[in-house]
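Protein chains: 2
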Amino acid sequence: MRLTSLLTKTQKTVSQEAESINAQLLLRGGFVRQEMAGVYSWLPLGLRVLRNVERIVREEMDALGSQELLMSALQPKEAWVQTGRWDTVDVLFKVPSQTKKEYALGCTHEEIVTPLVQAFVKSYKDLPTSVYQIQTKFRDELRAKSGVLRGREFVMKDMYSFHRTQADLDAYYARVSDAYFRVFARCGLQAKSVEASGGAFSDKFSHEFQVLTNAGEDRILTSPSWNRGQNEEVATLKEGDACPDHPTETLSWQKGVEVGNIFQLGTRFSEAFGMTYLDEQGERQPVLMGCYGIGISRVVGTIVEACHDERGIVWPKSVAPFQIHLVGLSGKTDEAQAALNAQMQEWYDALTSAGFSVLMDDRAGLSAGERLADADLLGMPLRILLSEKTLAVASAEVQWRQDRRSEMVLLDALLDLCKASFT
Amino acid sequence: MRLTSLLTKTQKTVSQEAESINAQLLLRGGFVRQEMAGVYSWLPLGLRVLRNVERIVREEMDALGSQELLMSALQPKEAWVQTGRWDTVDVLFKVPSQTKKEYALGCTHEEIVTPLVQAFVKSYKDLPTSVYQIQTKFRDELRAKSGVLRGREFVMKDMYSFHRTQADLDAYYARVSDAYFRVFARCGLQAKSVEASGGAFSDKFSHEFQVLTNAGEDRILTSPSWNRGQNEEVATLKEGDACPDHPTETLSWQKGVEVGNIFQLGTRFSEAFGMTYLDEQGERQPVLMGCYGIGISRVVGTIVEACHDERGIVWPKSVAPFQIHLVGLSGKTDEAQAALNAQMQEWYDALTSAGFSVLMDDRAGLSAGERLADADLLGMPLRILLSEKTLAVASAEVQWRQDRRSEMVLLDALLDLCKASFT
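Here you go:
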């Protein structure tokens with residue numbers, strides 16, 4: 495894509511939400527727009543990141559054999575009354591209507607998914623089963639803050655599994671845990687699986703997937719190499735203890751952002767809806783459920799918190815809106831400018847033809863400093879710079895955003911370098 | 495996908511919404527589930543159709559140079575007050591919150607998109623521009639009916655364009671009109687571009703894209719070969735008149751479903767938000783806007799209304815959840831069944847490896863009649879049937895759902911036939 499065709503422009507400063515790094519950088523780069531406190535629109539560059547995270551999550555959930563569906567955001571009040579949560583979930587938006595009916599606006603989907611799956615699960619042969627969706631959810635937060643980390647409207651993946659036995663639920667729960675580690679690693683995040691309370695529904699732990707950053711609202715007891723941890727509610731270890739898996743490290747309290755959670759619901763919701771199955775003997779048996787969330791838009795914000803420097807965002811290759819940022823510095827004469835423009839166009843075509851996604855800075859009349867500052871702010875993994883100077887030696891200057899290492903590369907070797915960088 | 499892995503099952507009858515063919519067939523096939531009147535969840539098979547329609551729409555909007563974004567569903571009341579529509583749009587859901595603020599739940603996005611694009615459009619150099627989104631929308635309908643044709647929650651593509659001059663808006667409007675014909679044709683629908691009132695904002699016509707079916711709520715004056723028409727509000731022609739473009743045909747009133755509309759907003763919203771641009775002389779000028787909608791989920795329902803027979807749905811190839819429905823009839827002996835199962839698995843692997851999407855009926859203990867009835871109901875374009883009888887002559891029976899034409903094909907020629915059928 496050409497920068498002159500892109501709707502958005504970068505901004506040097508933003509006034510809003512100065513306290514949150516993800517909001518600052520996403521707003522300055524034109525990735526999102528704040529519509530209200532806690533409510534963001536995803537602009538073209540930001541939507542590309544969001545879709546990349548969605549794709550990674552979808553691939554890993556599909557690999558678990560879970561089936562994608564899309565449940566309604568509007569939910570019947572009756573279902574929430576049936577589970578006893580209509581008056582207890584304080585972040586539930588309640589929507590009045592012309593018909594005098596009130597609807598729930600989905601912040602979670604147990605009230606929908608349980609009767610939905612119940613309609614198709616009759617016998618032990620229908621179990622286990624698992625479904626998931628990627629959907630916009632709504633929470634009536636009293637205070638929305640931290641940019642896209644905690645909003646009133648956000649994109650979430652929620653998955654629900656259904657089982658005959660505790661052992662089967664446990665086994666699936668462990669597989670989902672492994673898949674979650676893969677999801678976050680593929681998104682460029684180091685997540686830890688943190689023991690948390692199972693809540694009122696279970697005497698088991700649940701697990702939060704936490705990424706350590708100062709923007710986090712949660713406190714986690716962990717150590718640097720440990721991919722596990724304990725949260726404040728359930729901690730049996732204490733600060734200064736040796737890490738159970740890495741005895742040379744001591745545990746300390748760190749701030750974390752919860753990017754996912756997995757939870758055994760047991761029979762909490764199947765009982766509320768009378769969801770049972772017939773076993774081999776024709777006896778009715780209760781169904782055990784698990785639920786598994788990933789905050790898709792929160793992952794994007796967490797990546798920005800975890801992957802940035804003083805110049806801007808450092809997108810991991812897997813989620814970057816574009817792989818390559820192609821920059822041309824202005825020529826000193828009209829002839830030099832014309833030659834440079836021709837080379838830019840040629841390389842844009844060659845790189846996109848070779849399958850790379852390229853953002854080309856084809857804007858007129860900007861200084862080298864302005865162009866390079868924008869490239870740093872927008873954070874594509876590989877910057878390719880063409881100028882009179884580089885073309886004079888039949889070369890481009892390439893720079894990796896990750897470590898800012900740069901080198902001159904002969905144009906003849908440029909395509910191979912790009913291929914090696916993105917495999 | 496294997497039918498034994500699929501969450502959903504077909505149903506012989508459904509009690510709900512018996513009046514609407516799309517609801518009946520989509521519910522019976524397990525494509526959707528009705529959560530409440532006018533509110534549906536999209537189950538795995540149905541979601542695949544929805545995504546196929548989305549993909550077609552996205553490709554055509556991208557080809558127009560429009561940029562995809564995702565605006566918030568929650569919208570600030572203040573913006574709706576500013577345009578004067580807070581109290582005049584009766585289908586607008588108004589959502590109260592814990593913070594005492596009220597939000598609008600988006601049924602359309604002029605109130606969001608105008609200030610959003612305004613933030614990035616300063617000069618004539620930034621125009622024209624166009625953005626679109628594919629998003630779940632909400633309408634507080636007093637009466638929801640006709641299955642997924644008119645719901646309280648639905649998926650829609652809405653695009654908004656911004657121009658300097660009426661001539662530029664007119665030219666873009668014409669390009670969008672052409673793209674809309676392509677979208678609907680690619681979805682297997684014959685749409686007509688029907689003149690309708692421009693509403694209060696314009697002395698021009700708007701255009702509705704109408705598909706003629708008895709399920710339609712609108713009345714259209716048109717003729718069989720005419721890809722245009724007039725609606726009741728604006729009709730200057732009358733029943734029995736000769737068709738302007740096909741003089742041998744006479745016009746008559748037909749029922750239609752509106753699957754899309756295009757509309758010139760003029761300065762209605764840019765004026766409300768003070769959106770202007772600086773022209774070459776540095777003078778502030780008003781921005782002209784157009785808006786362009788396609789009801790994505792309504793398109794799915796319209797396809798069912800337009801493409802079905804007494805046995806079930808006849809999905810067009812472009813949107814079918816799977817291309818091929820692979821059926822095996824039960825063998826008479828255990829040996830025959832084992833040989834059949836092995837062949838089924840082999841062909842499932844061969845077809846999916848060759849890039850085809852395949853739904854395989856691997857259920858045990860069903861009669862031939864039950865299997866074939868399900869294949870007809872679910873409506874995949876090509877059915878491949880293996881049985882003792884076909885295997886005895888090294889063949890499969892293939893049947894096209896469209897015209898129910900069937901033939902025996904040698905297994906050696908089966909892959910080539912599939913390739914020829916889906917190019």
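Protein chains in written order, with the working numbering: chain C, 495 to 917; chain A, 495 to 917. C-beta: ideal position from N, C-alpha, C; glycine also.
Counting pairs of beta carbons, one from the segment 570-588 of chain A and one from the segment 527-534 of chain A, are three or more of them closer than 8 Å? Segments in contact, no.
Could you check whether the segment 641-653 of chain A touches the segment 802-816 of chain A, counting it as contact only if at least three pairs of C-beta atoms, one from each stretch, sit closer than 8 Å? No, they do not touch.
Please state the DSSP three-state secondary structure of Asp725(C). Here residue 725(C) is Asn; the residue named in the question, Asp, does not match the sequence. The answer is strand: DSSP assigns Asn725(C) an E or B state.
Taking all protein chains shown into account, decide if Gly859(A) is buried (16 or more other Cβ within 10 angstroms of its Cβ) or exposed. Exposed, by the Cβ-count rule.
List the residues of chain A whose Cβ lies closer than 8 Å to the Cβ of Pro622(C), in chain order. Under the 8 Å cutoff, chain A gives no residues; its nearest Cβ is about 11 Å from Pro622(C).
Can you name the residues of chain D whose CB is closer than 7 Å to the CB of Lys503(C)? Among the chains of the structure shown, chain D does not appear; the protein chains present are C and A.
Cut-off 7 Å between Cβ atoms - residues of its own chain near Tyr842(C), not counting five sequence neighbours on either side: These residues qualify, in order along the chain: Leu820, Val852, Met854.
Under 8 Å from any heavy atom of the ligand FAD, does the C-beta of Leu520(A) make it? Summarising the ligand content, the structure contains no ligands, and the ligand FAD is consequently not present.
Please decide whether Trp536(C) counts as near chain A, where near means a Cβ-Cβ distance under 9 Å. Chain A contact via Cβ: present.
Out of Ser861(A), Lys595(A), Glu777(A), which has the shortest C-alpha to C-alpha gap to Tyr618(A)? Taking only the C-alpha atoms, the option nearest Tyr618(A) is Glu777(A).
Name the two residues that bound the continuous beta strand (DSSP E) containing Asn755(A). Looking at the DSSP string, the run of the beta strand (DSSP E) that includes Asn755(A) is 746-760.
Within chain A, partners of Thr593(C) - CB distance below 7 Å: Contacts between Thr593(C) and chain A, judged by CB atoms closer than 7 Å, involve Leu636 in chain order.
Indicate the three-state DSSP secondary structure (helix, strand or coil) for Met495(C) in the structure shown. Reduced to three states, the DSSP call for Met495(C) is coil.
In the segment 638-683 of chain A, which residue ranges form an unbroken alpha helix (DSSP H) of at least 4 residues, counting only runs that do not cross its ends? As far as the segment 638-683 of chain A is concerned, its whole alpha helix (DSSP H) runs of at least 4 residues are 660-680.
If you measure between the beta carbons of Leu564(C) and Gln505(C), is that distance less than 9 Å? No, these two residues do not count as a Cβ contact at 9 Å.
Strictly below 7 Å CB to CB, what residues from chain C border Pro570(A)? Simply Glu529, Met530.
Less than 9 Å separating the beta-carbons of Ala848(A) and Leu823(A)? Against a cut-off of 9 Å, the Cβ pair of Leu823(A) and Ala848(A) comes out as no contact.
Spatial distance of Met874(A) from Gly723(A) (CA atoms): Taking the straight line from one Cα to the other gives about 32 Å.
Whose C-beta lies closer than 8 Å to the C-beta of Leu599(A) among residues of the same chain, with five residues either side of it excluded? Within the same chain, Leu599(A) has close Cβ partners Ala567, Leu568, Gln569, Leu586, Phe587, Lys588, Val589, Phe632.
If contacts are defined as beta-carbon pairs under 8 Å, then Arg527(A) and Ala613(C) qualify, I think. What distance do you get, rounded to the angstrom? Correct: roughly 7 Å between the Cβ atoms.
In angstroms, rounded to a whole number, what distance separates the CA positions of Thr608(A) and Val798(C)? The straight-line gap from Cα to Cα measures roughly 28 Å.
In the DSSP assignment, find the alpha helix (DSSP H) that holds Pro570(C) and state where it starts and stops. Judged by DSSP secondary structure, Pro570(C) falls outside any alpha helix (DSSP H) and instead within the beta strand (DSSP E) spanning 568-570.
Decide yes or no for the touch test of the segment 731-739 of chain A against the segment 782-789 of chain A: beta carbon pairs closer than 8 Å, at least 3 of them. Note that the segment 731-739 of chain A does not touch the segment 782-789 of chain A; fewer than 3 beta-carbon pairs, one per stretch, sit closer than 8 Å.
Find the residues of chain A that neighbour Val794(C), judging by a C-beta separation of less than 8 Å, and give them in chain order. Those do not exist, as Val794(C) stays about 12 Å from chain A at its closest Cβ, beyond 8 Å.
Trp894(A) in three-state terms, based on DSSP: Reduced to three states, the DSSP call for Trp894(A) is strand.
Rounded straight-line distance, which links the Cα of Thr602(A) to that of Ala886(C): Going by C-alpha positions, Ala886(C) is about 53 Å away from Thr602(A).
What residues of chain A sit near Met565(C), judged by a beta carbon separation below 9 Å? Chain order gives the chain A residues near Met565(C) as Arg527, Glu529, Ser535, Trp536, where near means a beta carbon separation below 9 Å.
Please look up how many angstroms separate the CB atoms of Ile788(A) and Val753(A), rounded, as I've assumed it's under 8 Å. Right, their Cβ atoms sit about 7 Å apart.
Return the chain-ordered list of same chain residues with a C-beta closer than 8 Å to the C-beta of Arg646(C), the five sequence neighbours on each side being excluded. Counting only Cβ-Cβ distances below 8 Å, and skipping sequence neighbours, we find Met530, Ala531, Gly532, Val533, Phe632, Arg633, Asp634, Glu635, Ala638.
For a contact defined as C-beta to C-beta under 9 Å, what are the partners of Glu647(C) on chain A? Simply Ser566, Ala567, Leu568.
Starting from Gly784(A), follow its DSSP beta bridges and name the residues at the other end. Its beta-bridge partners are Ser655(A), Gln758(A).
May I ask which residues mark the beginning and end of the alpha helix (DSSP H) holding Lys459(C)? The structure shown does not extend to residue 459(C), since chain C is modelled only from 495 to 917, so the question has no answer here.
Against Thr630(A), what residues of chain C qualify as contacts under a CB-to-CB distance less than 9 Å, listed in chain order? Leu564, Ser566, Ala567, Gln629, Thr630, listed in chain order.
Taking Ser915(A) as part of the alpha helix (DSSP H), name the residues at either end of that continuous run. Boundaries of the alpha helix (DSSP H) harbouring Ser915(A): 905-915, taken from the DSSP string.
In chain C, which residues lie with their C-beta within 7 Å of the C-beta of Gln839(A)? What Gln839(A) touches in chain C: nothing, since even the nearest Cβ is about 17 Å away.
Name the chain C residues whose beta carbon is nearer than 7 Å to that of Leu610(A)? The contacting residues are Arg527, Ser535.
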